[in-house]
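Report on one structure; see the data block that follows.
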Amino acid sequence: MMLKWAGGKTWLTRNHPDIFKGSNFQLCNPNTKSIEFDRYIEPFIGGGAVFKYLNPKKSVISDINNELITYYRCLKVNPSKLYESVRSHFNLHSKEYYYKLRKDIKSDKFEIASRFLYLNYTCFNGIYRVNQKNEFNVPMGDKSNFHYTIDDFNLYSTLLEKTDIFLQDFRKTILTSRKGDLLFVDPPYVTKSNKSTFDKYSPKVFSWKDQEDLAEMLIEKNLEGVKIILTNIDDGEILDLYSSANGWNIIRLNRANILAISKEKKKYKEIVISNI
2 MMLKWAGGKT
12 WLTRNHPDIF
22 KGSNFQLCNP
32 NTKSIEFDRY
42 IEPFIGGGAV
52 FKYLNPKKSV
62 ISDINNELIT
72 YYRCLKVNPS
82 KLYESVRSHF
92 NLHSKEYYYK
102 LRKDIKSDKF
112 EIASRFLYLN
122 YTCFNGIYRV
132 NQKNEFNVPM
142 GDKSNFHYTI
152 DDFNLYSTLL
162 EKTDIFLQDF
172 RKTILTSRKG
182 DLLFVDPPYV
192 TKSNKSTFDK
202 YSPKVFSWKD
212 QEDLAEMLIE
222 KNLEGVKIIL
232 TNIDDGEILD
242 LYSSANGWNI
252 IRLNRANILA
262 ISKEKKKYKE
272 IVISNI
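As structure tokens, this is what we get:
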């Protein structure tokens with residue numbers, strides 16, 4: 002959805018499309034059928050790669066990041082206004098302008114959204130991180146050529162037409178799911194022994210207790226007949242949270258860590274847990 006997002010799932014939709022089909026996770030099988038669902042729900046929307054890939058007819062997306070949700074809402078209701086505002090930032094792009102705008106807190110929702118997209122696109126690796134004052138503090142990266150057009154903004158606005166967008170905790174979003182819905186859940190990768198993440202994503206840091214609450218809710222929703230796809234880090238502590246439930250399929254995948262500073266991208270393992 003035009004965002005660079007640390008931990009985003011574009012690589013997953015590109016390299017493992019069968020995860021979003023049925024037939025018990027038979028990867029790279031072109032004969033598998035697409036998942037059928039009544040409504041798509043994503044409580045940690047982030048960059049929206051899976052939402053974009055599935056292009057659901059009816060959906061609910063949410064997050065606790067106010068700027069992110071403001072961006073999606075503005076993109077939905079007035080893509081032209083947002084595009085013009087974003088272009089004005091890129092026309093002025095420089096090191097001085099980046100750091101000046103980074104300090105400049107906006108109040109108008111379209112100014113918030115355009116500032117957010119500009120900083121996201123020009124900051125280092127699309128990281129979203131805030132300090133103790135909840136101020137965005139990621140340094141400038143080396144990318145400045147914004148290649149998206151008004152047609153792209155209009156296209157993504159159309160994708161959001163039948164989407165309900167909420168600024169809220171994941172628990173509230175998951176509670177609305179019911180039998181026949183598809184829940185795609187991509188939480189921050191936090192384990193019990195490593196309680197901190199690489200950044201502070203919002204004033205409320207996702208904790209191990211949140212990870213436990215999430216597992217309890219997904220196990221319950223599994224019993225209710227909700228279709229679930231969960232991504233997380235391949236860690237025994239995470240797997241233990243789901244070991245007591247039946248019907249889970251588990252895939253282990255390697256992916257490149259785009260946050261690696263060395264020329265050779267580091268590989269780390271992820272898991273996909275699903276009841277489909």
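Everything in the sequence shown is counted per the working numbering, starting at 2 for the first residue and increasing by one. We put the CB at the ideal spot given by N, CA and C, even for glycine.
**Asked** Since W249 contacts I274 with CB under 8 Å, what's their CB separation in whole angstroms?
**Response** As a position in the sequence shown, residue 249 is number 248, starting the count at 1. As a position in the sequence shown, residue 274 is number 273, starting the count at 1. About 5 Å separates the Cβ atoms of W249 and I274, confirming a contact at the 8 Å cut-off.
query = Below 9 Å between beta carbons: does that hold for I166 and L215?
reply = Numbered from its first residue, the sequence shown carries residue 166 at position 165. Numbered from its first residue, the sequence shown carries residue 215 at position 214. No.
*What residue from N233, E238, S245 and P44 has the CA that sits closest to K270's CA?*
Along the sequence shown, one-based indexing puts residue 270 at 269. K270 has its Cα closest to that of N233, out of N233, E238, S245 and P44.
Going by DSSP, what residues sit across from V61 in a beta bridge? As a position in the sequence shown, residue 61 is number 60, starting the count at 1. Per DSSP, I42 and D165.
- Report, in whole angstroms, the separation of the C-beta atoms of N135 and G127, which I expect to be a contact under 8 Å. For the purposes of this step, residue 135 is taken as the residue at position 134 of the sequence shown. For the purposes of this step, residue 127 is taken as the residue at position 126 of the sequence shown. Actually they are not in contact, since the Cβ atoms of N135 and G127 sit about 19 Å apart, beyond 8 Å.
Using CA coordinates, which residue listed in D109, R179 and Y190 is at the minimum distance from K210?
Sequence index remark: in the sequence shown, residue 210 carries index 209 (1-based). Looking at the Cα atoms, Y190 is the closest of the given residues.
Q | Strand pairing of S35, partner residues [DSSP] | A | Along the sequence shown, read from residue 1 onward, the residue named residue 35 stands at position 34. DSSP, once it has assigned bridges, lists K22 as partnering S35.
Helix, strand or coil, according to DSSP, for R103 in the structure here?
Here residue 103 refers to the residue found at position 102 when the sequence shown is read from its first residue. Three-state result, R103: helix.
_Whole-angstrom C-beta distance between Y99 and M141, which should lie under 8 Å_ = Here residue 141 refers to the residue found at position 140 when the sequence shown is read from its first residue. Here residue 99 refers to the residue found at position 98 when the sequence shown is read from its first residue. Between Y99 and M141 the Cβ distance is about 5 Å, and since that is below 8 Å, they are a contact.
Quick one: Cα of S194 to Cα of E217, how far?
Sequence index remark: in the sequence shown, residue 194 carries index 193 (1-based). Sequence index remark: in the sequence shown, residue 217 carries index 216 (1-based). Between S194 and E217, the C-alpha separation is close to 19 Å.
Tell me the residue span of the beta strand (DSSP E) that contains N233. For the purposes of this step, residue 233 is taken as residue 232 along the sequence shown, with counting starting at 1. It spans K228 to I234 - the beta strand (DSSP E) in which N233 sits, taken as one unbroken run.
What alpha helix (DSSP H) runs, 4 residues minimum, are completely inside the stretch 82 to 131? 96 to 104 and 110 to 123
- Would you mind working out which of T150, K101 and F91 sits nearest K144, comparing C-alpha positions? If you number the sequence shown from 1, residue 144 lands on position 143. Per the Cα distances, F91.
Worksheet item: Does the distance from the C-beta atom of P188 to that of F21 stay below 9 Å?
Response: In the sequence shown, residue 188 corresponds to position 187, counting from 1. In the sequence shown, residue 21 corresponds to position 20, counting from 1. No, the pair does not count as a contact, with Cβ atoms beyond the cut-off.
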